[in-house]
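What follows is a set of notes on a single structure, which appears directly below.
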Amino acid sequence: MSTSAQSPVVVVASFRPRPEAHDLVRSALRTAAERVHEEPGCELYALHETDGRLVLVEKWSTEGHLDEHGRGDALKELHAAVDSRLLAPAEVLRLSPLPAGRPEAGQL
């Protein structure tokens, strides 16, 4: 299958910073987002927060673009900055769409 025929890929990445490192991890994620927004295939890279967790919701044009992102400098530098400041490793989920209802409202 050609890359242009592939469906977009949605990823949710959840980070649980140590309480004393929360602001530092949030800052590192914001810095990474600025760089990642410039990567090919990045359609969405949005940071959210809840109950001591920082959550990235991502959308990539293709699996290939997501794979490139995974090998990129922005992600390597992010991990170097935050991994030792987390309570547990980041949880990363690649999601497969299950469209429902109106196409514009039933999937990312």
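Each residue of the sequence shown is one higher than the one before, starting from 557 at the first, in the numbering used here.
Positions of the beta carbon are idealized from the N, C-alpha and C atoms, including for glycine.
Bear in mind the structure is a predicted one, so any value in this text is a computation, not a measurement.
About 6 Å separates the CB atoms of residue 646 and residue 569; that is less than 8 Å, so the two are in contact.
Runs of the alpha helix (DSSP H) spanning 4 or more residues and lying entirely within the region 565–598 occur at 578–592, in chain order.
Residue nearest to residue 564 within the set 583, 599, 587 and 591 is 599 (criterion: CA-CA distance). Non-local C-beta neighbours of residue 592 in its own chain, meaning closer than 6 Å and more than five positions away in sequence, comprise 598, 601 and 630, ordered along the chain. Residue 664 is positioned such that its CB atom lies closer than 7 Å to that of residue 566. In this chain, residue 627 is not harboured by any beta strand (DSSP E); it is covered by the alpha helix (DSSP H) spanning 619–627.
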